[in-house]
Structure formats: C-alpha cells, structure tokens
Amino acid sequence: MTERIIRVLIAKPGLDGHDRGAKVVARTLRDAGMEVIYTGLRQTPEMIAEAALQEDVDAVGMSILSGAHMALVPRVMELLKANRQERVKVFVGGIIPNEDIPRLLEMGVVGVYGPGTLTDAIVTDLRQAVLGAAVP
Amino acid sequence: MTLARSTLAGDRLALARLLTLVENQTEQGRQALNELFPHTGYAHLVGVTGAPGTGKSTLVNQLARYYRNPPDGEMALQVAIVAVDPSSPFTGGAILGDRVRMRDLAGDAGVFIRSMAARGSLGGLAHTTASLVQVFDAAGFEIIFIETVGAGQAEVDVARLAHTTLVVQAPGLGDDIQAIKAGILEIADILVVNKADRPGVENTERALSGMLQLAQPVAPVFRHHGPSEGLSERAPAQVEVDAWIPPIQRTVATEGDGVPDLAKEIARHRQYLRESGELERRERARLQAELEALLQDSLVSRWRKSVSNSKYQEILEKLIERQISPYQGVLALLDGEQTL
Chain G
1 MTERIIRVLI AKPGLDGHDR GAKVVARTLR DAGMEVIYTG LRQTPEMIAE AALQEDVDAV
61 GMSILSGAHM ALVPRVMELL KANRQERVKV FVGGIIPNED IPRLLEMGVV GVYGPGTLTD
121 AIVTDLRQAV LGAAVP
Chain B
1001 MTLARSTLAG DRLALARLLT LVENQTEQGR QALNELFPHT GYAHLVGVTG APGTGKSTLV
1061 NQLARYYRNP PDGEMALQVA IVAVDPSSPF TGGAILGDRV RMRDLAGDAG VFIRSMAARG
1121 SLGGLAHTTA SLVQVFDAAG FEIIFIETVG AGQAEVDVAR LAHTTLVVQA PGLGDDIQAI
1181 KAGILEIADI LVVNKADRPG VENTERALSG MLQLAQPVAP VFRHHGPSEG LSERAPAQVE
1241 VDAWIPPIQR TVATEGDGVP DLAKEIARHR QYLRESGELE RRERARLQAE LEALLQDSLV
1301 SRWRKSVSNS KYQEILEKLI ERQISPYQGV LALLDGEQTL
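What follows is the structure, given as structure tokens:
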C-alpha cells in the first residue's frame, strides 16, 4: 500500500461570498501533502454531504462567515451520519463567536479556527484527528 | 458482504470506499478488482482532454446533464465522472477543483463524481485511473467521463483508456503550430472548439480543419512505453472501412450551446467503433497495454525484493563516481543476481 494520503473536502456553505480563508486553508493542507477537494461557494449541507460521500474524504472543513454556523454545522453532521460517514472529521473556520465554540466542539467538531489561527495548528490537529482514529 | 458485492448491489458508500482502496493500491482493492472485472466492459468511456482553461470541467458538467435529461425517446444514463488534477511534485498534496464547475449535478443520484490527484503520474491520468473506471463500469454506470489533468501535449494515456476521446480547444490559446504538435490530433476522436462565442473561433477551427486535411488517416496503435516491447507483435487485422475523420464541434459550455450536437457525435463515434470492428481492436490494445504496464511494475518490484540493498548502493556509488555507466550498472545489477 502506498502512504496514507489524507483527503479533505473544503466547502463554503451558505450565502456569503468571501472564500479567501477557505482557499488559504486549502493551500495550506495541500502544502502539508493532503489532497483537498475544493467545492466552491454557496454549497448546501446536502451538497457538502454528497460530495463527502462520493469523494470518501477523511475530513470536511467548512468556512462560514454568515453567522449561520449553528444551523449549518449540525445539519451537515446529521447528513454525514445518515450516510454512515460518522468517521468523517468536521472542522470549522470563519467568524464564530467565542460562546459558540464550546457548543460546536460538544457536537463533535474537531476544531474551530477563526482569524489569526496559525495554519500549522490546523494541519497538526487534522493529522491527529484523522490518523489517530482507527482506520477501517 | 464484501465491498465489491455491496458495490455491485448499488451501495454508494461501498463504491466510494472501494474507489479509495483501489486508488491506494491496497491488497483489498486488488482483490475487489479481481471480483469486479467480469462485470466490466459495458460502459462507454469518454475521455476529455485539452489545455488548462479550455473548459473541460464545464463541458463535462453539461454533457452529464444532457445524458441525465436526454431528449424525448431516449433513456437517461447513469453517469460517472473521474476528474484528475495534478499533484504537487514537492509535497504530494493536491487541490482538486473540478467539482466547482459541476455543481449542477448535485442532488442527482444518477451521477457520481470522483476527483483524483495524479500522484506523480505524468500522462494526464493517475496510475490507478483505469482501475477506478473499471469499478464504475462494474457498478453499472453506463457512460463514464474521464477528465485529464490538462497538461495538453502528452495526454495519450486517456486515448488508450477511453473509447471516445474529446480534445477540447478554445480560441486564443496558442497559434496553429500548437495544432500540429504530435499527440493532440492523433488522439482526438472528436475535436471540440469550446468558448465558441469568443473572437477568433474561426481561426481555431480553420487551423484544426487544415491539419485534419493534411493528416493521413492512420489507425493508432497505442504503445505503453514508446516502442512495443515485442509481445505479440502481430498487427491486428486491419478492417478497411471508411476511416473515421474527427469532426469539429463548436460549443459554448457555460450556456450548453452545441452540447446536444456533441452528444450526437459521441453516439455516431460509438456506432462507428462497433460497426468497424475498431472497438474490439481498441479493447484488445487497451487490455494488452494494461497487462504490460502491470507486468513491468510487478517485475520491477519482484526484482527489487531479490536484490540486496547493499549491492544496489554499491553499484549506485560506482555510478556516481563515474566508474561505470548507468547501462553497465543495470547489467551488473541484473547479471549479478539470480536470473529472473
């Protein structure tokens, strides 16, 4: 078997049209040797879950600046579960108020990364979350 | 139930998992391929190649939409798309962005899109693309699009794999000398001039049709690594039918213009392949190429297991010190060990 390559879906759910952060993270993960499936703007939770299934990714990263994270993130996680993809790790970036972070983590989100996050931290967390878990 | 059997039964998660195992060249993936292989050979494989920015992904999106919602009287087809993007030669990472242009296909259970990184392969496809296509074929997808990296000039792999190869061009990209360069015209079964609403479309079309008139129709024999390696050198019996002349089809993929006509050309080419015996010839050449490629890989890896690393390093050192040439090094390594 070749070396295990981590596959990550980067998506922008919701209606805000600012995807610079998503692109920075996509590049960072690429430079860390991961394969990043970039889906672009205005994705519905259904589109994200479907892409995650078809691409058999290890993780889904969502960039949300619209404030709708408390609706979008649980919905995506629900759909992943409905698709029997509970093993897929979810992480979130964008503008997330501090008080919401613990609630997201409680739902099972592996990391919340706002502006100013060191990109290395995302790589490290993601590697640990994906490779630390048992791989079927 | 094995992943292969679940895949045959239509389980999309099993299919997705299996594609990963095959892409990672795992033993489990190989065994699944063995199990699936008898179920392959039904799909029509359409290769889509052309320089970056010519609109390959957008065109595939529109073609897939067409086959999902065909005109009255035709059956909708199950569509699979394998889209290959380059891997970074330094980190091995990749950004796979073809889905961005394929969002129209979301929510349709009759479409399955899989992005692939080239993972070091230079021919426009990844090493395992053919295997992924086999999985989709066995899973019952009736038309499979294979979109290449789009390096543009060395994409012969896709022509070897696909039944019908579309070469996508766009106005304003390179002069007509680009059309003469080897590879592009030889591999095209259909030439697509996309972005045909742009200025210069006549020039692009004229350059292509000029080259087509100069070209002698030849039956391409795809070789694995340059010249054939001598297995079964016998040329396949040449059936003399009217040679296929690649049509030139204008499209504006963003609007869907020309896409129904392009689909007609694909159907016409498929019929030609069947009636001329070319289909059988290509299948034969394709499977032989696959066999040879696998044979080479297996021989090399088996041999590497048989030679000691110290011996290899010793020869390498001599080579670096220029005591021996690379060719002598190979001979020393091959002859110095037990014969294969």
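Protein chains in written order, with this note's numbering: chain G, 1 to 136; chain B, 1001 to 1340. C-beta: ideal position from N, C-alpha, C; glycine also.
Legend entry - Beta-carbon proximity list for D58 of chain G, same chain, < 6 Å, skipping 5 on both sides: Stepping through the first sequence from its first residue, residue 58 of chain G is reached at position 58. The answer, listed in chain order, is I6, R7 and V130.
Inset, instruction - Compare the C-beta of F1141 of chain B with all C-beta atoms of chain G and state if any pair is closer than 8 Å. - result: The residue you call residue 1141 of chain B lines up with position 141 of the second sequence. For F1141 of chain B, the answer is no, since every Cβ of chain G falls outside 8 Å of its Cβ.
Inset, instruction - Look at L1003 of chain B and R1017 of chain B and say whether their C-beta atoms are less than 8 Å apart. - result: Counted from its first residue, the second sequence places residue 1003 of chain B at position 3. Counted from its first residue, the second sequence places residue 1017 of chain B at position 17. Against a cut-off of 8 Å, the Cβ pair of R1017 of chain B and L1003 of chain B comes out as a contact.
Inset, instruction - With DSSP as the reference, label P102 of chain G as helix, strand or coil. - result: Locating residue 102 of chain G in the first sequence gives position 102, counting from the first residue. The answer is helix: DSSP assigns P102 of chain G an H, G or I state.
Inset, instruction - Under 6 Å Cβ to Cβ from G1029 of chain B, same chain only, skipping five residues before and after it: list those, please. - result: Translated into the one-based positions of the second sequence, residue 1029 of chain B becomes position 29. Only L1021 and V1022 meet the Cβ criterion.
Inset, instruction - Specify the secondary structure class of K1056 of chain B as computed by DSSP and reduced to three states. - result: Position 56 of the second sequence, counted from the start, is the residue given in the question as residue 1056 of chain B. Correct three-state label for K1056 of chain B: helix.
Legend entry - is_contact[A1032 of chain B, chain G] using C-beta, thresh 8 Å: Against the second sequence, residue 1032 of chain B aligns to sequence position 32. It does not; no Cβ of chain G falls within 8 Å.
Inset, instruction - Name, in chain order, the residues that DSSP records as bridge partners for A11 of chain G. - result: To locate residue 11 of chain G, count along the first sequence from 1; it is residue 11. In the DSSP output, where bridge partners are listed per residue, A11 of chain G has G:M62.
Legend entry - Cβ-heavy atom distance, L1013 of chain B to the ligand NAP, below 7 Å: No copy of the ligand NAP appears in this structure; indeed no ligand is present at all.
Legend entry - Under 7 Å from the C-beta of R84 of chain G: neighbouring residues of chain B: Translated into the one-based positions of the first sequence, residue 84 of chain G becomes position 84. Within 7 Å Cβ-Cβ: L1013.
Inset, instruction - Check whether the Cβ atoms of V1048 of chain B and L1166 of chain B sit closer than 8 Å, and answer yes or no. - result: As a position in the second sequence, residue 1048 of chain B is number 48, starting the count at 1. As a position in the second sequence, residue 1166 of chain B is number 166, starting the count at 1. Yes, the pair counts as a contact, with Cβ atoms nearer than the cut-off.
Inset, instruction - Give the straight-line distance between the Cα atoms of I10 of chain G and V1252 of chain B, rounded to the nearest whole angstrom. - result: Taking the first sequence and counting its residues from 1, one reaches residue 10 of chain G at position 10. Taking the second sequence and counting its residues from 1, one reaches residue 1252 of chain B at position 252. In a straight line, the C-alpha of I10 of chain G is about 29 Å away from that of V1252 of chain B.
Legend entry - Residue-level contact to chain B via CB, A49 of chain G, 8 Å cutoff: Working through the first sequence from its first residue, we reach residue 49 of chain G at position 49. Not closer than 8 Å to any Cβ of chain B, the Cβ of A49 of chain G fails to qualify, so no.
Legend entry - Beta-carbon neighbours of I1366 of chain B, restricted to chain G and to distances below 7 Å: Limits of chain B in this structure are 1001 at one end and 1340 at the other, which puts residue 1366 of chain B out of reach.
Inset, instruction - Taking only the alpha-carbon atoms, compute the straight-line gap between V1100 of chain B and A1285 of chain B and give it to the nearest angstrom. - result: Locating residue 1100 of chain B in the second sequence gives position 100, where the first residue counts as 1. Locating residue 1285 of chain B in the second sequence gives position 285, where the first residue counts as 1. When rounded, the distance between both Cα atoms is 35 Å.
Inset, instruction - Quick one: using the 10 Å Cβ neighbour count with 16 as the cut-off for buried, is D1057 of chain B buried or exposed? - result: Translated into positions along the second sequence, residue 1057 of chain B becomes position 57. Note that residue 1057 of chain B is Ser in the sequence shown here, rather than Asp. Per the 10 Å Cβ criterion, buried.
Legend entry - Beta carbon proximity, G1047 of chain B to chain G, threshold 8 Å: Here residue 1047 of chain B refers to the residue found at position 47 when the second sequence is read from its first residue. So, not an interface residue.
Inset, instruction - Please list, in chain order, all residues of the same chain as L1015 of chain B whose beta carbon is under 6 Å from its beta carbon, the five residues on each side excluded. - result: If you number the second sequence from 1, residue 1015 of chain B lands on position 15. Around L1015 of chain B: T1007 and A1139.
Legend entry - Per-residue contacts from V1022 of chain B into chain G (C-beta, under 8 Å): As a working mapping, residue 1022 of chain B is identified with position 22 in the second sequence. Chain G residues near V1022 of chain B: none, gap ~11 Å exceeds 8 Å.
Inset, instruction - Just grab the DSSP bridge partners of H1044 of chain B for me. - result: What you label residue 1044 of chain B is simply residue 44 of the second sequence in a count that begins at 1. Answer is B:I1143, bridged to H1044 of chain B.
Legend entry - CB contact check: A1138 of chain B to chain G, cutoff 8 Å: Taking the first residue of the second sequence as position 1, residue 1138 of chain B is located at position 138. Taking Cβ atoms only, chain G never reaches closer than 8 Å to A1138 of chain B, which makes this a no.
Inset, instruction - Could you list which residues in chain G have their beta carbon closer than 9 Å to that of G1110 of chain B, in chain order? - result: Position 110 of the second sequence, counting from 1, holds the residue named residue 1110 of chain B. Result: empty, since nearest Cβ-Cβ is about 12 Å, beyond 9 Å.
Legend entry - Inter-residue Cα distance where the pair is H1127 of chain B and D120 of chain G: Start at 1 with the first residue of the second sequence, and residue 1127 of chain B comes out as number 127. Start at 1 with the first residue of the first sequence, and residue 120 of chain G comes out as number 120. Between H1127 of chain B and D120 of chain G, the C-alpha separation is close to 31 Å.
Inset, instruction - Taking only beta-carbon positions, decide if E78 of chain G is within less than 8 Å of chain B. - result: Numbered from its first residue, the first sequence carries residue 78 of chain G at position 78. It does not: the Cβ of E78 of chain G has no partner Cβ on chain B nearer than 8 Å.
Inset, instruction - Alpha carbon to alpha carbon, how far is P13 of chain G from V110 of chain G? Give it in angstroms, no decimals. - result: Walking along the first sequence from the start, residue 110 of chain G turns up at place 110. Walking along the first sequence from the start, residue 13 of chain G turns up at place 13. Using only the alpha carbons, I get a separation of about 18 Å.
Legend entry - Exposed unless 16 or more other CB atoms sit within 10 angstroms - verdict on I1095 of chain B: In the second sequence, the residue the question calls residue 1095 of chain B occupies position 95. Classification of I1095 of chain B: buried, given that the 10 Å Cβ count is 16 or more.
Legend entry - L118 of chain G - DSSP class collapsed to helix/strand/coil: If you number the first sequence from 1, residue 118 of chain G lands on position 118. Coil at L118 of chain G, not helix or strand.
Legend entry - Interface partners of A32 of chain G on chain B, CB under 8 Å: By one-based count along the first sequence, residue 32 of chain G stands at place 32. Simply T1091 and G1093.
Legend entry - Residues near I1324 of chain B in its chain [Cβ-Cβ closer than 6 Å; skip 5 each side]: The residue you call residue 1324 of chain B lines up with position 324 of the second sequence. These residues qualify, in order along the chain: K1318.
Inset, instruction - Under 8 Å between beta-carbons, which chain B residues line up against G17 of chain G? List them in chain order, please. - result: Against the first sequence, residue 17 of chain G aligns to sequence position 17. Neighbours of G17 of chain G in chain B, taken as residues whose beta carbon is under 8 Å from its own, are absent, since the nearest beta carbon is some 14 Å off.
Inset, instruction - For G1097 of chain B, decide whether its Cβ has a neighbour in chain G, counting only Cβ atoms nearer than 8 Å. - result: The residue given as residue 1097 of chain B occupies position 97 in the second sequence. Yes - at least one Cβ of chain G is within 8 Å of the one on G1097 of chain B.
Legend entry - Spatially closest choice to Y1188 of chain B from B:Y1042, B:Q1249 and B:E1142, by CA coordinates: As a position in the second sequence, residue 1188 of chain B is number 188, starting the count at 1. Per the sequence presented here, residue 1188 of chain B reads as Ala, with Tyr not at that position. Measuring from the Cα of A1188 of chain B, the nearest candidate turns out to be B:Q1249.
Legend entry - Selection from G:D56, G:V92 and G:E50 that minimises the alpha carbon distance to L65 of chain G: Numbered from its first residue, the first sequence carries residue 65 of chain G at position 65. Nearest of G:D56, G:V92 and G:E50 to L65 of chain G, Cα basis: G:V92.
Inset, instruction - Taking only beta-carbon positions, decide if S1088 of chain B is within less than 8 Å of chain G. - result: For this step, residue 1088 of chain B is matched to residue 88 along the second sequence. Judged by the 8 Å Cβ criterion, S1088 of chain B is in contact with chain G.
Legend entry - Own chain partners of D100 of chain G with C-beta closer than 7 Å, once the 5 adjacent residues on each side are dropped: In the first sequence, residue 100 of chain G corresponds to position 100, counting from 1. Taking C-beta separations shorter than 7 Å and ignoring five residues to either side along the sequence, the partners of D100 of chain G in its chain run H69 and M70, following chain order.
Inset, instruction - Between the Cα of R1068 of chain B and those of B:N1061, B:L1214, B:L1077 and B:V1060, spot the shortest distance and give me the residue it belongs to. - result: On the second sequence, position 68 is the one that residue 1068 of chain B refers to. Looking at the Cα atoms, B:L1077 is the closest of the given residues.
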